[in-house]
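Numbering of the sequence shown is given in this note's numbering, commencing with residue 1436 and proceeding in unit increments.
C-beta atoms are modelled at their ideal positions from N, C-alpha and C, and glycine is treated no differently.
Predicted model, so just to flag it, every value in this text is computed and none were measured.
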Amino acid sequence: MNLTMINFTAHGDSRGQLVAIEQLRDIPFEIKRIYYIYDTLPDVRRGFHAHKKLKQVLVCTSGKCKILLDDGREKKTVMLDKPTEGLLVTGCIWREMYDFSPGAVLMVLASEYYDEADYIRDYDTFLKCAEENATGE
Ligand code: TYD
1436 MNLTMINFTA HGDSRGQLVA IEQLRDIPFE IKRIYYIYDT LPDVRRGFHA
1486 HKKLKQVLVC TSGKCKILLD DGREKKTVML DKPTEGLLVT GCIWREMYDF
1536 SPGAVLMVLA SEYYDEADYI RDYDTFLKCA EENATGE
């Protein structure tokens, strides 16, 4: 599984830092939705789903958290701990988010509006989708 990290430029000066993110420039899709996860308790693990069509870039704008990515053949864990770094997730990938530090904010830039029909929440169904993806069906 190839992981794609996107680096954003920090426009820092004596006042602090600023990051700007532009669709189709910094993000390889049009951004239809932004959501963020915060106030997460230390032992919480969330996600546990894949998407059929959705593309996302995950940015931990404050604090840190871990993302488990699973393509059905291989699992990888990514630590997100920089507001200047985004993790691109496309295709049929199972994801779990965990180990949120106190005060962590995980921002997600998404290519589609919220649509429950795009979710695959059953792991066995995900494995079938992942296999179809891998064999190009
Ligand atoms: P959920 O899918 O459980 O979050 P996670 O993937 O982090 O486990 O979403 C939590 C709730 O928020 C659920 O009721 C659906 C709702 N929700 C929206 O209304 N819009 C959205 O864009 C998202 C991601 C979730």
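Exposure of residue i, with buried meaning 16 or more beta-carbon neighbours within 10 Å
| i | result |
| --- | --- |
| residue 1491 | buried |
| residue 1479 | exposed |
| residue 1546 | buried |
Residue i, enclosing alpha helix (DSSP H) - first and last residue
| i | result |
| --- | --- |
| residue 1453 | Element bounds for residue 1453: n/a, residue is neither H nor E. |
Residue i CB to nearest heavy atom of ligand 1 below 7 Å
| i | result |
| --- | --- |
| residue 1484 | yes |
| residue 1460 | no |
| residue 1473 | no |
| residue 1533 | no |
| residue 1558 | no |
| residue 1450 | no |
| residue 1508 | no |
Selection from the options that minimises the alpha carbon distance to residue i
| i | options | result |
| --- | --- | --- |
| residue 1549 | 1482, 1567, 1469 | 1469 |
| residue 1439 | 1472, 1463, 1479, 1445 | 1463 |
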